[in-house]
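Position one of the sequence shown corresponds to residue 622 (our numbering), numbered consecutively onward. Backbone N, C-alpha and C define an ideal beta-carbon position, used for all residues, glycine too. Down below is the structure, laid out as structure tokens.
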Amino acid sequence: MMQVELKTPPVADKATAQAQAWRMSYLAAAPAGQAPLAVISEPRAVVAIASPIELANAMAAPAGPREDSLLVVWVPSAVGVPVDLDSSLQAWIRRDLAPNRAPVQASIKTVRVLCTETRSIIYAVPEHLSEAMDAVARFTLAARQTADLEAQVAATWRDIQAHTPLTHGVKSKDLGQQRQVNALTERVTEMKTMHLRLQIALEQLDQSLSSTSKRMYADLADAASLHDRMEMIEDPIQFALDHYELANSRLAEVGLARKGLILEAMIVVVLLADFVVHFSELLILSGRSLFPSGVPTIIP
Numbered sequence: 622m623m624q625v626e627l628k629t630p631p632v633a634d635k636a637t638a639q640a641q642a643w644r645m646s647y648l649a650a651a652p653a654g655q656a657p658l659a660v661i662s663e664p665r666a667v668v669a670i671a672s673p674i675e676l677a678n679a680m681a682a683p684a685g686p687r688e689d690s691l692l693v694v695w696v697p698s699a700v701g702v703p704v705d706l707d708s709s710l711q712a713w714i715r716r717d718l719a720p721n722r723a724p725v726q727a728s729i730k731t732v733r734v735l736c737t738e739t740r741s742i743i744y745a746v747p748e749h750l751s752e753a754m755d756a757v758a759r760f761t762l763a764a765r766q767t768a769d770l771e772a773q774v775a776a777t778w779r780d781i782q783a784h785t786p787l788t789h790g791v792k793s794k795d796l797g798q799q800r801q802v803n804a805l806t807e808r809v810t811e812m813k814t815m816h817l818r819l820q821i822a823l824e825q826l827d828q829s830l831s832s833t834s835k836r837m838y839a840d841l842a843d844a845a846s847l848h849d850r851m852e853m854i855e856d857p858i859q860f861a862l863d864h865y866e867l868a869n870s871r872l873a874e875v876g877l878a879r880k881g882l883i884l885e886a887m888i889v890v891v892l893l894a895d896f897v898v899h900f901s902e903l904l905i906l907s908g909r910s911l912f913p914s915g916v917p918t919i920i921p
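In structure tokens:
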């Protein structure tokens, strides 16, 4: 269950509030003396930290590594949005998008949010800013994990095709692929784990979340088709698990058979050695019985 502790970022007085910017980061733990914006347990245990930066710097700065942070700009809707600022923000949020892509958008009450994987714009009154940022933090993490999972599924098809012969007619020479099959088995197991954790995250079962945050998160998830995308990759992930379970079973059968042959060969060698020893002892005993006084001396 996702647990979020809401902390309101510092803002100016409502009457004089202007657009502000933050760099939101996902960390394993909050730095000393800094309260987290959100504490998230699913789909990954992290804390979201919002560090204020100058608006001009935010709009000029590169988005940075996708896994590391998210640039967020807040525009107080209560005081109106200057046309030139809005135009600049619209160009800014589309800066790194492919021509056929558009930001994910959602709006409820007095809150409107636009999101990409690296940037977000929040139009909201100050009272709803914390809830909107909470929703953006959790949605961005879920969207990134979904995209990563889709990429892993797409990359796994090539490996599945390469290892299809391992599901039947496995030979001893194929045992050299066991290490690679083990690694892929672990990878698809991790994919299944992430899929389940994403499903938990999308359900939003945490009772401590505010209704505004939940609704905004749900609308953003719907706009990004996260539920449909999760459903589309569920069967391929299960197929990959079944495929590598079968490949491991076939490799294990051949491995056991080869060990059995080696054991049988060792038993045969031991029996032969034992036979040679006993046969040698019999020859020695037979020689002693024929010549009890030793080797006879031939007198001319």
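Determine whether the beta carbon atoms of residue i and residue j lie at a separation below 9 Å.
i: Gln-579; j: Tyr-838; result: What the structure shows of the chain is the stretch from 622 to 921, and residue 579 is not part of that stretch, so it cannot be assessed.
i: Ile-858; j: Lys-794; result: no
i: Arg-740; j: Leu-676; result: no
i: Leu-762; j: Arg-665; result: yes
i: Leu-867; j: Gln-799; result: no
i: Ala-640; j: Ala-727; result: no
i: Asp-705; j: Val-696; result: no
i: Val-791; j: Glu-874; result: yes
i: Ser-698; j: Arg-733; result: yes
i: Leu-862; j: Ala-842; result: no
i: Ala-681; j: Trp-643; result: no
i: Pro-703; j: Ile-714; result: no
i: Leu-735; j: Ile-854; result: no
i: Thr-731; j: Val-746; result: yes
Between which two residues does the alpha helix (DSSP H) holding residue i run?
i: Ala-650; result: Taken as a continuous stretch (DSSP letters only), Ala-650 belongs to no alpha helix (DSSP H), as it is neither H nor E.
i: Gln-639; result: From DSSP, Gln-639 is part of no alpha helix (DSSP H); its letter is neither H nor E.
i: Asp-717; result: Taken as a continuous stretch (DSSP letters only), Asp-717 belongs to no alpha helix (DSSP H), as it is neither H nor E.
i: Ala-682; result: Looking at the DSSP string, Ala-682 is not in any alpha helix (DSSP H), and its letter there is neither H nor E.
i: Arg-766; result: Note that residue 766 is Gln in the sequence shown here, rather than Arg. 750-783 is the span of the alpha helix (DSSP H), which, as asked, contains Gln-766.
By DSSP, does residue i sit in helix, in strand, or in coil?
i: Gln-825; result: coil
i: Leu-658; result: coil
i: Ser-831; result: coil
i: Val-890; result: helix
i: Ser-846; result: coil
i: Ala-861; result: helix
i: Ala-745; result: strand
i: Arg-722; result: coil
i: Gln-624; result: Any reading at Gln-624 is ruled out, since the residue's pLDDT is 34, under 50, leaving its predicted position unreliable.
i: His-789; result: coil
How would you write the range of the beta strand (DSSP E) that residue i sits in, first residue to last?
i: Leu-692; result: 690-697
i: Gln-726; result: 725-729
i: Arg-733; result: 732-736
i: Val-667; result: 667-674
Exposed or buried, what is residue i when buried is set at 16 or more other beta-carbons lying within 10 Å of its beta-carbon?
i: Gln-828; result: exposed
i: Thr-833; result: buried
i: Met-645; result: buried
i: Ser-846; result: exposed
i: Ser-751; result: buried
i: Phe-896; result: exposed
i: Val-898; result: exposed
i: Met-754; result: buried
i: Gln-782; result: exposed
i: Ile-742; result: buried
i: Val-890; result: exposed
i: Asp-840; result: buried
i: Thr-737; result: buried
i: Ala-758; result: buried
i: Gln-784; result: Going by the sequence as given, residue 784 is His instead of Gln. Buried: at least 16 other Cβ atoms inside 10 Å.
Comparing C-alpha positions only, which one of the options sits nearest to residue i?
i: Met-815; options: Pro-703, Asp-717, Glu-738 and Ala-772; result: Ala-772
i: Ala-775; options: Val-889, Ser-709, Ala-653 and Asp-856; result: Asp-856
i: Val-668; options: Ala-681, Asn-678, Asp-843 and Leu-648; result: Leu-648
i: Trp-778; options: His-899, Ala-758, Glu-663 and His-864; result: His-864
i: Glu-663; options: Ala-894, Leu-817 and Pro-697; result: Leu-817
i: Ile-729; options: Asn-721, Asp-717, Tyr-744 and Phe-900; result: Tyr-744
i: Ala-756; options: Leu-904, Trp-643, Leu-658 and Ala-650; result: Leu-658
i: Thr-806; options: Ala-671, Lys-835 and Ser-870; result: Ser-870
i: Pro-683; options: Ala-653, Arg-716, Arg-759 and Val-802; result: Arg-716
i: Phe-760; options: Lys-835, Leu-862, Ala-679 and Leu-906; result: Lys-835
i: Pro-673; options: Ile-661, Asp-769 and Gln-655; result: Gln-655
i: Ala-650; options: Leu-904, Val-660 and Ala-758; result: Val-660
i: Asp-780; options: Trp-713, Arg-765, Ala-804 and Pro-720; result: Ala-804
i: Ile-670; options: Ala-653, Ala-894, Trp-713 and Thr-737; result: Ala-653
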